[in-house]
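Novice:
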Amino acid sequence: MALTPEIVKQVSLLARLQLSADELELMTQQLGRVLEYIDKLAEVDTENVAPLAHAVELSNVFADDQVAPSLPREEVLANAPKRDDACYRVPAVLGD
Amino acid sequence: MSSLVEQTATELQRRLQASEVSAVEVASAFLDRIASHDDKIGAFLSVWREQALERAADVDRRRAAGKPVGLLAGLPVAVKDVFCTRGELTTCASKMLEHFRPPYDATVVEKIEAADGIILGKTNMDEFAMGGSTENSAYRPTHNPWDNERVPGGSSGGAAAAVAAQMAPLSVGTDTGGSIRQPAAFCGVVGLKPTYGRVSRRGLVAFASSLDQAGPLARTAADAALLLEVIAGHDPRDSTSADAPVARYSQTVSQPLEKLRIGIVREHLGAGLHAEIAAAVEEAIQVWKDLGAQIQEISLPHNEYAIATYYIIAPCEASSNLARYDGVHYGYRTDETKMLAQLAAERKAAEGNPARLEEIDTPLVRMYRQSRSEGFGAEVKRRVMLGAYALSAGYYDAYYLKALKVRRLIRQDFDQAFAKVDVIMGPTTPTPAYRLGEKAADPLASYLGDTYTVSANLAGICSLSTPCGFTQSGLPIGLQLQAPALEEDRLLRAAHMYQTATDWRLRRP
Chain A
69 MALTPEIVKQ
79 VSLLARLQLS
89 ADELELMTQQ
99 LGRVLEYIDK
109 LAEVDTENVA
119 PLAHAVELSN
129 VFADDQVAPS
139 LPREEVLANA
149 PKRDDACYRV
159 PAVLGD
Chain L
1122 MSSLVEQTAT
1132 ELQRRLQASE
1142 VSAVEVASAF
1152 LDRIASHDDK
1162 IGAFLSVWRE
1172 QALERAADVD
1182 RRRAAGKPVG
1192 LLAGLPVAVK
1202 DVFCTRGELT
1212 TCASKMLEHF
1222 RPPYDATVVE
1232 KIEAADGIIL
1242 GKTNMDEFAM
1252 GGSTENSAYR
1262 PTHNPWDNER
1272 VPGGSSGGAA
1282 AAVAAQMAPL
1292 SVGTDTGGSI
1302 RQPAAFCGVV
1312 GLKPTYGRVS
1322 RRGLVAFASS
1332 LDQAGPLART
1342 AADAALLLEV
1352 IAGHDPRDST
1362 SADAPVARYS
1372 QTVSQPLEKL
1382 RIGIVREHLG
1392 AGLHAEIAAA
1402 VEEAIQVWKD
1412 LGAQIQEISL
1422 PHNEYAIATY
1432 YIIAPCEASS
1442 NLARYDGVHY
1452 GYRTDETKML
1462 AQLAAERKAA
1472 EGNPARLEEI
1482 DTPLVRMYRQ
1492 SRSEGFGAEV
1502 KRRVMLGAYA
1512 LSAGYYDAYY
1522 LKALKVRRLI
1532 RQDFDQAFAK
1542 VDVIMGPTTP
1552 TPAYRLGEKA
1562 ADPLASYLGD
1572 TYTVSANLAG
1582 ICSLSTPCGF
1592 TQSGLPIGLQ
1602 LQAPALEEDR
1612 LLRAAHMYQT
1622 ATDWRLRRP
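Going down the list, the protein sequences come from chains A and L.
Going letter by letter, the first sequence gives residues 69 to 164 in the numbering used here.
Going letter by letter, the second sequence gives residues 1122 to 1630 in the numbering used here.
1. Within 8 angstroms of any Cβ in chain A, is that where the Cβ of Met1122/L sits?
2. Between the Cα of Leu1596/L and the Cα atoms of Cys1308/L, Gly1298/L and Ser1143/L, which residue gives the shortest distance?
3. Smallest Cα separation from Val1386/L: which of Met1246/L, Gln1601/L, Ala1342/L and Ala1144/L?
4. May I ask which residues mark the beginning and end of the beta strand (DSSP E) holding Cys1589/L?
5. Can you name the start and end residues of the alpha helix (DSSP H) that Glu143/A belongs to?
6. Give every residue of the same chain whose Cβ lies closer than 8 angstroms to the Cβ of Leu1325/L, excluding the five residues on either side of it in the sequence, and list them in chain order.
7. Just the chain A side, please: which residues come within less than 7 angstroms of Tyr1432/L by C-beta, in chain order?
8. Look at the alpha carbon of Lys1243/L and the alpha carbon of Asp113/A, and state the distance between them as a whole number of angstroms.
9. Got a sec: is the Cβ-Cβ distance from Arg141/A to anything in chain L below 8 angstroms?
10. Enumerate in chain order the residues of its own chain whose CB-to-CB distance from Lys1523/L is below 8 angstroms, with the five nearest sequence positions on each side excluded.
11. Which first and last residues belong to the beta strand (DSSP E) in which Arg1504/L is found?
12. Short of 9 angstroms Cβ to Cβ, which residues in the stretch 1535 to 1560 of chain L face chain A?
13. Within 8 angstroms (strictly less), CB to CB, does Ser1440/L reach chain B?
14. Are there three or more Cβ pairs, one per stretch, closer than 8 angstroms when the stretch 1249 to 1266 of chain L is compared with the stretch 1208 to 1222 of chain L?
15. What are the partner residues of Glu1418/L, as DSSP defines its beta bridges?
16. On the three-state DSSP scale, how would you describe Glu1472/L?
17. Beta-carbon within less than 6 angstroms of Met1122/L's beta-carbon, same chain only, minus the 5 sequence neighbours each way: which residues are those?
18. Are the beta-carbon atoms belonging to Ala1177/L and Ala1144/L less than 8 angstroms from one another?
19. Quick check: Thr1549/L and Tyr1516/L, are their CB atoms within less than 8 angstroms of each other?
20. Run through the DSSP bridge pairs and tell me what Gln1491/L is partnered with.
21. Going by C-alpha to C-alpha distance, which of Ser1149/L, Val1168/L, Pro1197/L and Pro1189/L sits closest to Glu1132/L?
22. Pick helix, strand or coil for Tyr1619/L, following the three-state DSSP scheme.
23. Would you kindly work out how many angstroms separate the C-alpha atoms of Ser1362/L and Arg1468/L, rounded to a whole number?
24. Is the stretch 1484 to 1498 of chain L close to the stretch 1446 to 1463 of chain L, with three or more CB pairs under 8 angstroms?
25. Could you say if the stretch 1276 to 1296 of chain L and the stretch 1411 to 1422 of chain L meet the contact criterion of at least three C-beta pairs nearer than 8 angstroms?
26. Using the rule of at least 16 other Cβ atoms within 10 Å of the residue's Cβ for burial, across every protein chain shown, is Ser1124/L buried or exposed?
27. Taking C-beta pairs closer than 8 angstroms, name the residues in chain A that Glu1457/L reaches, listed in chain order.
28. By a C-beta neighbour count over all protein chains shown, 10 Å radius and 16 as the cutoff for buried, is Cys1437/L buried or exposed?
29. Compile a chain-ordered list of the residues in the stretch 1350 to 1375 of chain L whose CB is closer than 8 angstroms to at least one CB of chain A.
30. Per DSSP, what are the beta-bridge partners of Thr1206/L in this structure?
31. Cα separation between Lys1314/L and Phe1249/L?
32. Measure the CB-CB distance between Ala1130/L and Ala1339/L and report whether it falls below 8 angstroms.
33. Assuming Ala1509/L contacts Ala83/A under a Cβ cut-off of 8 angstroms, what Cβ separation, rounded to an integer in Å, is found between them?
34. Between the stretch 1372 to 1391 of chain L and the stretch 1601 to 1615 of chain L, can you find at least three pairs of beta-carbon atoms closer than 8 angstroms?
35. Would you list, in chain order, the members of the stretch 1502 to 1518 of chain L that have their beta-carbon closer than 7 angstroms to a beta-carbon of chain A?
36. Report yes if the CB atom of Gly1581/L is closer than 8 angstroms to the CB atom of Ala123/A, and no otherwise.
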């Protein structure tokens, strides 16, 4: 699976990154080399091997259903780059 | 009497308990050392001078009044800038979090403070813990105290350099693929990556959630045992935290292990390993034989696929974790006025061309993209891209799913090996510390440096690096010991045994 600048450009949208033309070219080249190396995984026979997503295979760790205080709104909003009294502010979503 | 900064945490603890020195004297000595040496090293991103002295004075008052004090009472600790500290800058060495002041403390930080440890400041790292040289810090590189032209390793490079340069007796780092052990090896200190889940990840800025683990760096195994005893333990606020009893490591560390069975992976001592490191490991094998250990050759047949597996799984998890940096909730946001003007210009240029108009981002999407592109450094972008690619439709099975299957085989290799031996031993790194800039242009070369360390993260076992020699040019060499999950006690006792038989840990840069 050869990596092309078109694929990298498409992935940059998925990753919510904006790459310059130079970055795009360098990224295609560098990621291409890494993927070429990673292709060695194809040598491994994984027929009938179950995937291991987590080294400690825990399931269903439940917390008691108790009401506990959350962080105060003011402290949470304190780090927002743009806000009003109670909400985060973002650029218009639905156009003008 | 040697100066305070030269002493181990265990020695300092004894002298503090005997009231031979005060916590304020100890904190001052290390803070002064930071003030005089850190310009050259660059281990710290922020220094908490006033708070540290205040807390130290408080410990002294309580001790003088005969009130109970914690296990670390008066011992300085440096904290990697990846742990949230309430109201104090937590940057992850990223421009993205340049002004971020978390609303709460990480559990690790709470535990250090509850044990009356004195936090000296926050240490430098590779941005978001991605890298092996601390050159990926958005603020400044850290220099290796043994040779200032060389890297300290990474990502916990500041943590390791701070201990090596005697700017802190103890520090806490994180290890996702070797980020505690590799800098410990490069800087000639002890670094322990505990079992996955042994130490709470709550408040640790996430890189790869199924691999990240916090652990101690120190000058000796006994000192590492002391800090691990404080930070380890179940945390109900981290659902992946191990609900298992924690040994009193600081008490048990000096007990020798009888008839220890040590496994050696022959392939790890061959091609690709620096000759002086190979010789140092062979010498360590002889030390162990003299200590009465039984040496056995073992095989980890899938270890050669560990790097490839890791560089799929870690970037996939990273691309998902780092999606939270959206320029909305916290962190960096691009200049909106400029961005909107740019978008307007693009729309104008595309007028009358519906296909091109269609391609132009909405203001919200452009805000996300531009904020992230300006806030993240090159290595973080590479990993986020790699992960997004491997998880995208059409590639998921070939990359991510395949890597998870190989991950199980890697863990099975360890399970089989630990049926025969108690500890696995080998080199921590294939080379000693390299020069700044040497691998900056070649990400793959830098990834290959993790060849001996990543498999412990993939398998979730515990592993440490301890000094085992020096190259002719005076660079430290690390010996890696690995033990099964939750066997930190065995690992620390083995390292302590080795350290009492050798004196590598005593050298200072």
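Glycine included, every Cβ here is placed at the ideal spot set by N, Cα and C.
Quick caveat: nothing in here was measured; it's all calculated off a predicted structure.
Specialist: Let me spell this out:
1. Working through the second sequence from its first residue, we reach residue 1122/L at position 1. Residue confidence is low: Met1122/L scores 49 on pLDDT, short of 50, so the model does not pin down where it sits. No coordinate-derived value is stated.
2. The sequence position of residue 1596/L within the second sequence is 475, counting from 1. With distances taken between Cα atoms, Leu1596/L lies closest to Cys1308/L.
3. By one-based count along the second sequence, residue 1386/L stands at place 265. Closest option to Val1386/L, judged by alpha-carbon separation, among Met1246/L, Gln1601/L, Ala1342/L and Ala1144/L: Gln1601/L.
4. Locating residue 1589/L in the second sequence gives position 468, counting from the first residue. In the DSSP annotation of this structure, the continuous segment of the beta strand (DSSP E) that includes Cys1589/L starts and ends at Cys1583 to Phe1591.
5. Along the first sequence, read from residue 1 onward, the residue named residue 143/A stands at position 75. Segment Arg141 to Leu145, the alpha helix (DSSP H) holding Glu143/A.
6. Here the question's residue 1325/L lines up with position 204 in the second sequence. Taking Leu1325/L as the centre and dropping the five residues before and after it, the same chain places the C-beta of Val1203, Phe1204, Cys1205, Ala1227, Val1229, Thr1295, Asp1333 and Ala1335 closer than 8 angstroms to its C-beta, in chain order.
7. One-based indexing of the second sequence puts residue 1432/L at position 311. Neighbours of Tyr1432/L in chain A, taken as residues whose beta carbon is under 7 angstroms from its own, are Val102 and Ile106 in chain order.
8. Taking the second sequence and counting its residues from 1, the one referred to as residue 1243/L is at position 122. Taking the first sequence and counting its residues from 1, the one referred to as residue 113/A is at position 45. Cα to Cα, Lys1243/L sits roughly 45 angstroms from Asp113/A.
9. Along the first sequence, read from residue 1 onward, the residue named residue 141/A stands at position 73. Taking Cβ atoms only, chain L never reaches closer than 8 angstroms to Arg141/A, which makes this a no.
10. Within the second sequence, numbered from 1, the residue matching residue 1523/L stands at position 402. If we look at Lys1523/L and ignore the five residues flanking it on each side, its Cβ neighbours are Ile1433.
11. As a first step, residue 1504/L must be located in the second sequence, where it is residue number 383. That residue, Arg1504/L, is in no beta strand (DSSP E); its alpha helix (DSSP H) goes Ala1499 to Leu1512.
12. The residues in question: there are none.
13. This model lacks chain B altogether; the protein chains it does include are A and L.
14. With a cut-off of 8 angstroms, the stretch 1208 to 1222 of chain L and the stretch 1249 to 1266 of chain L count as touching, because enough Cβ pairs lie within range.
15. For the purposes of this step, residue 1418/L is taken as residue 297 along the second sequence, with counting starting at 1. Answer is Ile1385/L, bridged to Glu1418/L.
16. Here residue 1472/L corresponds to residue number 351 of the second sequence, with the count starting at 1. In this structure, Glu1472/L counts as coil in the three-state DSSP scheme.
17. Residue numbering aside, residue 1122/L sits at position 1 when the second sequence is read from its first letter. Confidence in Met1122/L is poor, its pLDDT being 49 and thus under 50, which makes the residue's placement too unreliable to answer from.
18. Start at 1 with the first residue of the second sequence, and residue 1177/L comes out as number 56. Start at 1 with the first residue of the second sequence, and residue 1144/L comes out as number 23. In terms of Cβ geometry, Ala1177/L and Ala1144/L form a close pair [threshold 8 angstroms].
19. Locating residue 1549/L in the second sequence gives position 428, counting from the first residue. Locating residue 1516/L in the second sequence gives position 395, counting from the first residue. Cβ atoms of Thr1549/L and Tyr1516/L: not closer than 8 angstroms.
20. Taking the second sequence and counting its residues from 1, one reaches residue 1491/L at position 370. The bridge partners DSSP lists for Gln1491/L come to none.
21. Sequence index remark: in the second sequence, residue 1132/L carries index 11 (1-based). Sorting Ser1149/L, Val1168/L, Pro1197/L and Pro1189/L by C-alpha distance to the C-alpha of Glu1132/L places Pro1197/L at the top.
22. As a position in the second sequence, residue 1619/L is number 498, starting the count at 1. Under the three-state reduction of DSSP, Tyr1619/L is assigned to helix.
23. Along the second sequence, one-based indexing puts residue 1362/L at 241. Along the second sequence, one-based indexing puts residue 1468/L at 347. When rounded, the distance between both Cα atoms is 50 angstroms.
24. Contact between the stretch 1484 to 1498 of chain L and the stretch 1446 to 1463 of chain L is present, because at least three Cβ pairs lie under 8 angstroms.
25. Contact between the stretch 1276 to 1296 of chain L and the stretch 1411 to 1422 of chain L is absent: fewer than 3 CB-CB pairs across the two stretches fall below 8 angstroms.
26. The sequence position of residue 1124/L within the second sequence is 3, counting from 1. The residue is exposed, with fewer than 16 neighbouring Cβ atoms inside 10 Å.
27. Within the second sequence, residue 1457/L is the residue found at index 336, counting from 1. Under the 8 angstroms cutoff, chain A gives Lys150 and Pro159.
28. Here residue 1437/L corresponds to residue number 316 of the second sequence, with the count starting at 1. Buried: at least 16 other Cβ atoms inside 10 Å.
29. Listed by position, the residues of the stretch 1350 to 1375 of chain L near chain A (Cβ gap below 8 angstroms) are Pro1357, Ser1360, Thr1361 and Ala1363.
30. Counted from its first residue, the second sequence places residue 1206/L at position 85. For Thr1206/L, DSSP records a beta bridge to Glu1209/L.
31. The residue you call residue 1314/L lines up with position 193 of the second sequence. The residue you call residue 1249/L lines up with position 128 of the second sequence. Answer to the nearest angstrom: the Cα atoms are 18 angstroms apart.
32. As a position in the second sequence, residue 1130/L is number 9, starting the count at 1. As a position in the second sequence, residue 1339/L is number 218, starting the count at 1. The beta carbons of Ala1130/L and Ala1339/L sit closer together than 8 angstroms.
33. Within the second sequence, the letter at position 388 stands for residue 1509/L. Within the first sequence, the letter at position 15 stands for residue 83/A. With 8 angstroms as the limit, Ala1509/L and Ala83/A qualify as a contact, their Cβ atoms being about 4 angstroms apart.
34. Result yes; three or more Cβ-Cβ pairs closer than 8 angstroms.
35. Listed by position along the chain: Lys1502, Arg1503, Val1505, Met1506, Leu1507, Ala1509, Tyr1510 and Ser1513.
36. Here residue 1581/L refers to the residue found at position 460 when the second sequence is read from its first residue. Here residue 123/A refers to the residue found at position 55 when the first sequence is read from its first residue. Yes, the pair counts as a contact, with Cβ atoms nearer than the cut-off.
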